[in-house]
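Residue numbers for the sequence shown follow our numbering, beginning at 32 and rising by one. Accompanying notes for the structure given below.
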Amino acid sequence: MRTLTLALLACLCFVLLMTGARQVYAAEFCSDAYSVNVTLPNQARWDLCWEHRVREGIVLSKIHYTPRHGERRMVLNQAALAQIHVPYDDNGARYHDISDYGLGGNYMAALNQTDCPSGKLLRFGSKAVVCQQNEARGSAFSSNTDRLQGDSFSLFSVSKIGAYNYIPSWRFMDDGSIEPGVGATGALQRYSDRNTEQQGWLIADNKVGIAHLHNFFWRLDFDLNGTSMDDYVEELNFTANSGRTSLTKTRFTTEVARSVDPTTSRTWRIVDGATKNAKGLPISYELRLHQSEQQDLGPASEPFTQNDLYVTRYNSCELFASHNPTVNNCANHLADFVDGEPLTGSDLIVWPSTTFYHMPRAEDAPQMDAHWSYISLSPRDWHAQNPLSTAPDTAASTGGTDGTTPANNPDILFADDFETANQWTRNPYNTDQASSGRWEVGRLEATTYQNIATQRAANTGNAALATGPQAGSMVGSYDLDGGLSSIRSPAINLPSDTKYRLEFAYYFAHLWNASTSDFFRVSIVEGNRRQTVLEQTGNLANRSAQWTNFNTDLAAYAGKTIYILVEAADADAGSIVEAALDSLKVVKQNNTGDITDGIPSGNTTSNTVYSEDFEASLNWTVNPAGADSATVGQWQAAKPQATYYQTIPLQLGAASSGLQALVTGYQAGASVGAYDVDGGVTSVRSPPIHLAANNHYRLQLDYYFAHLWNTTNADFFKISLETEQGRKQTLVLQTGAAANRPAQWSAFSADLSSFAGSTVHLIIEAGDGGAGSMLEAAVDNLRINKY
Numbered sequence: 032m033r034t035l036t037l038a039l040l041a042c043l044c045f046v047l048l049m050t051g052a053r054q055v056y057a058a059e060f061c062s063d064a065y066s067v068n069v070t071l072p073n074q075a076r077w078d079l080c081w082e083h084r085v086r087e088g089i090v091l092s093k094i095h096y097t098p099r100h101g102e103r104r105m106v107l108n109q110a111a112l113a114q115i116h117v118p119y120d121d122n123g124a125r126y127h128d129i130s131d132y133g134l135g136g137n138y139m140a141a142l143n144q145t146d147c148p149s150g151k152l153l154r155f156g157s158k159a160v161v162c163q164q165n166e167a168r169g170s171a172f173s174s175n176t177d178r179l180q181g182d183s184f185s186l187f188s189v190s191k192i193g194a195y196n197y198i199p200s201w202r203f204m205d206d207g208s209i210e211p212g213v214g215a216t217g218a219l220q221r222y223s224d225r226n227t228e229q230q231g232w233l234i235a236d237n238k239v240g241i242a243h244l245h246n247f248f249w250r251l252d253f254d255l256n257g258t259s260m261d262d263y264v265e266e267l268n269f270t271a272n273s274g275r276t277s278l279t280k281t282r283f284t285t286e287v288a289r290s291v292d293p294t295t296s297r298t299w300r301i302v303d304g305a306t307k308n309a310k311g312l313p314i315s316y317e318l319r320l321h322q323s324e325q326q327d328l329g330p331a332s333e334p335f336t337q338n339d340l341y342v343t344r345y346n347s348c349e350l351f352a353s354h355n356p357t358v359n360n361c362a363n364h365l366a367d368f369v370d371g372e373p374l375t376g377s378d379l380i381v382w383p384s385t386t387f388y389h390m391p392r393a394e395d396a397p398q399m400d401a402h403w404s405y406i407s408l409s410p411r412d413w414h415a416q417n418p419l420s421t422a423p424d425t426a427a428s429t430g431g432t433d434g435t436t437p438a439n440n441p442d443i444l445f446a447d448d449f450e451t452a453n454q455w456t457r458n459p460y461n462t463d464q465a466s467s468g469r470w471e472v473g474r475l476e477a478t479t480y481q482n483i484a485t486q487r488a489a490n491t492g493n494a495a496l497a498t499g500p501q502a503g504s505m506v507g508s509y510d511l512d513g514g515l516s517s518i519r520s521p522a523i524n525l526p527s528d529t530k531y532r533l534e535f536a537y538y539f540a541h542l543w544n545a546s547t548s549d550f551f552r553v554s555i556v557e558g559n560r561r562q563t564v565l566e567q568t569g570n571l572a573n574r575s576a577q578w579t580n581f582n583t584d585l586a587a588y589a590g591k592t593i594y595i596l597v598e599a600a601d602a603d604a605g606s607i608v609e610a611a612l613d614s615l616k617v618v619k620q621n622n623t624g625d626i627t628d629g630i631p632s633g634n635t636t637s638n639t640v641y642s643e644d645f646e647a648s649l650n651w652t653v654n655p656a657g658a659d660s661a662t663v664g665q666w667q668a669a670k671p672q673a674t675y676y677q678t679i680p681l682q683l684g685a686a687s688s689g690l691q692a693l694v695t696g697y698q699a700g701a702s703v704g705a706y707d708v709d710g711g712v713t714s715v716r717s718p719p720i721h722l723a724a725n726n727h728y729r730l731q732l733d734y735y736f737a738h739l740w741n742t743t744n745a746d747f748f749k750i751s752l753e754t755e756q757g758r759k760q761t762l763v764l765q766t767g768a769a770a771n772r773p774a775q776w777s778a779f780s781a782d783l784s785s786f787a788g789s790t791v792h793l794i795i796e797a798g799d800g801g802a803g804s805m806l807e808a809a810v811d812n813l814r815i816n817k818y
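Quick look at the structure:
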């Protein structure tokens, strides 16, 4: 009986512990009534506490951000408005609204559901004072193959001071950004007659609305990653000189007051001194004061207006930017808070500000439209990459085959390009529940939803293995529905004395209504053992159909009989899910140059049939066809000189390896466009390269294609392979777009096995097809290996 009692007690404690664990974020720092915990559609999450104060109004604290599949970390220990300073042009009034009146108490409006459409009202006692709303924030990112609509949630309150209604707002984005802002509406506070027209605007007969400023100050207590004593603040300035823009970082070691400087694009970042991201970079948040077109430089009695940003040590009595209580010898305003105290090893307070100059107009009466002022806080190196994108790393292999298999090639044990009927078995284990979109071999008909491809043409040839190849009358007509669909290959006998690998191309596409219950999976089955080699799961984001190459080592199955099992599931109601597989092979591996994720590893020198690092005189032919039209920026092998536009690198000052690279005009010149590609196309062709028959070959190289926003899709970078018989295949094609694309070395590989038995040339081209486009390109570290 005693044993049973202890067991029951242990179970009860476990249940209570787990119940508490589910509520840990809500109850960790504040009661549930004053806790906000929001998971956005793509699974990014914010949790924080809020409180009501008579002066500051709504104060936020313990603000944590959790990226999708990422780590929960604190960003801000506390955040609040610290002053609304309103000086009038006639000097008839100079208000300090927060310290002298307050945003809370009786000045804070009671909200109703009309004020908060589709939102949630949060109450201080019985009074609804905060509106919490989820909202779409527009495009988070967009590329040719990957795009996503972003989401955010906001908290706002309304305070009425005099004739003005202030709307303090905090907007939290799914990428970790925060946008503090203030809206101002209501009615104009002060009028005079036409004799004061120089200090305002005549909005009616003999009625002048007096112009004035709104200086908004915030008090931000950053405790990045939950620690308060290891943060530091760094100023970033970008200085232009002879066409190059250089970054200078200055770390503040003592309390400081600083101003915006448009000539250097000045920003600041708050850095955690201990924590780094997965790429070894210190995590930080960047602070930008976007609305810098106005600045209030007040009289000598208001020195706190002379700068836009203050950084101080934490002092419990320093609450307001101006008219701060001076009890216990506390300073009166920000300018006096800055008194040379050291910042190193201290809890830091950052005081950003922004200014709105309000020149009244006739449209401001009788009700004034809301004008908004805001600042922005953005994660910089908080993540190792964009936390919202599920696209593969741009540095990964993007090469593929043309779908042809060398006849009687002893190195290929099994292959299926799904162009004809095959011996695969559908629902091999009687586990399928799918009602439509079951695995089927066929010609894939494209389907899209608002420019998002959910099914696209075969990777090679005309057909592929797909979940319902037909398009139907709407995007969901033949997608996977109702549960699991599976299909299994014929038996494949792997010899015991040889190592093999599995290669294929695939995609897994879904819309924002998918969940982690939806998946695409490839497994190896041997006897009763099943090993997953690839699994992709759904999430609450759009994922476009994009063919991706994959390979995995099968050496562990040498001497055994295996099956390849392909599965996909729509396990959530209403999900739009599509998957496909193509160009499947089981291929012999060489002991030297084994393949991992499409890139040879180990010592491949003995298998190298051609290499070029562009360190010596160029033995390639420039303008081989005699048709080039570029007037400047022709291909050259040289040591490149860096060029920048503002902070955007267009030509890197270093080769991918060694000192030289193949570049479009290696010189920097006096301006960023002095030696970029202009006037048309520039091309260069390699010497002849012989690829012996009955071998597999892979091209590898590093490249970049950089351009500014003034490019079009008529601008391009292209690498092609051409045989001496005139057969030509494009290996990579990058086109311009109306966006900035910085220079960054990327790896590229392509399978050349279909050219075995041929003598080939590589042709590299870059083209300026639009008037005034700014573009650069480079290639380095090129090699062709047997594998």
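Using N, Cα and C, we set each Cβ at its ideal position, and we do this for glycine too. Since the model is a prediction, treat every value here as computed from it, not as a measurement.
Check	Outcome
With a 10 Å radius around its C-beta and 16 neighbouring C-beta atoms as the bar for buried, classify Gln-562 as buried or exposed.	exposed
Rank Asn-359, Thr-284, His-243 and Leu-615 by C-alpha distance to the C-alpha of Met-390 and give the top, closest one.	His-243
From the DSSP secondary-structure annotation, give me the bridge partner or partners of Pro-211.	Trp-201
Measuring only the C-alpha atoms, how far is Thr-270 from Ala-159?	49 angstroms
In terms of residue numbering, what span does the alpha helix (DSSP H) encompassing Asp-128 cover?	128-131
Measure the C-alpha to C-alpha separation of Asp-224 and Tyr-126 and round it to an integer number of angstroms.	21 angstroms
How would you label Asp-845, buried or exposed, when you count the other beta carbons within 10 angstroms and need 16 or more for buried?	Within the shown structure, residues of the chain are numbered from 32 to 818, placing residue 845 beyond reach of any answer.
How many angstroms separate the CA atom of Ser-170 from the CA atom of Ser-183?	12 angstroms
Quick check on Glu-228: buried or exposed, where buried means 16 or more other Cβ atoms within 10 Å of its Cβ?	exposed
Between which two residues does the beta strand (DSSP E) harbouring Phe-786 extend?	Premise fails: Phe-786 is in no beta strand (DSSP E) and is neither H nor E.
On the CB-based measure, 16 or more other CB atoms within 10 Å of its CB, does Cys-348 come out buried or exposed?	exposed
Any heavy atom of the ligand MG closer than 8 angstroms to the beta-carbon of Gly-217?	Annotation note on the ligand MG: not contained in the displayed structure, which lists no ligands.
Cβ of Arg-84 within 9 angstroms of Cβ of Phe-351?	no
For Ala-110 and Asp-78, what's the separation of their Cα atoms in angstroms?	14 angstroms
Which full runs of the beta strand (DSSP E) of 3+ residues lie inside the stretch 365-405, going along the chain?	379-389 and 399-405
May I have the straight-line CA-CA distance separating Ser-190 from Phe-60, to the nearest angstrom?	26 angstroms
Going by the beta-carbon positions, is the gap between Thr-545 and Leu-571 smaller than 9 angstroms?	According to the sequence provided, residue 545 is Ala. The question's Thr does not apply to it. Yes; because the gap between Cβ atoms is below 9 angstroms, this pair is in contact.
Nearest-angstrom Cα distance between Ile-630 and Asn-580?	In this prediction, Ile-630 has a pLDDT of 36, which is less than 50 and means its spatial position is unreliable; what the coordinates show is noted afterwards. Spanning the two alpha carbons is a distance of roughly 11 angstroms.
Are there three or more Cβ pairs, one per stretch, closer than 8 angstroms when the stretch 597-617 is compared with the stretch 478-491?	yes
Mind the definition here: the stretch 682-692 touches the stretch 739-759 only if three or more C-beta pairs lie below 8 angstroms; say whether that holds.	no
Going by C-alpha distance, which of Thr-386, Tyr-509 and Arg-221 is nearest Pro-397?	Arg-221
Which residue from Arg-729, Met-105, Gly-101 and Arg-99 puts its Cα closest to that of Ser-92?	Met-105
Output the distance between the C-alpha atoms of Tyr-316 and Asp-254, rounded to the nearest integer angstrom.	11 angstroms
Smallest Cα separation from Pro-459: which of Thr-547, Pro-521 and His-402?	Pro-521
How many Å lie between Glu-534 and Thr-662 at the Cα?	44 angstroms
Can you tell me whether Arg-457 is buried or exposed, with buried defined as 16 or more other CB within 10 angstroms of its CB?	exposed
Note down, one range per segment and in chain order, each beta strand (DSSP E) of at least 3 residues found wholly within the stretch 443-482.	443-447, 470-474 and 478-480
Within the stretch 138-200, note down every full beta strand (DSSP E) run reaching 3 residues or more, in order along the chain.	151-155, 158-173, 178-187 and 190-192
Relative to the C-alpha of Ser-467, which residue among Ile-593, Val-597, Pro-418 and Ile-607 is closest?	Ile-607
List, from N- to C-terminal side, the beta strand (DSSP E) runs of 3 residues or more that fit wholly inside the stretch 703-755.	712-716, 720-722, 728-738 and 747-754
When DSSP labels each residue in this structure, what does Gly-800 get in the three-state scheme?	coil
Would you call Pro-118 buried or exposed, if buried means 16 or more other Cβ atoms sit within 10 Å of its Cβ?	buried
Using CA coordinates, which residue listed in Asn-165, Asp-303 and Asp-292 is at the minimum distance from Val-69?	Asn-165
Hey, Tyr-341 and Pro-211: beta-carbon distance below 9 angstroms or not?	no
Along the beta strand (DSSP E) that carries Val-617, what are the first and last residues, could you check?	608-619
Taking only the alpha-carbon atoms, compute the straight-line gap between Leu-219 and Gln-326 and give it to the nearest angstrom.	21 angstroms
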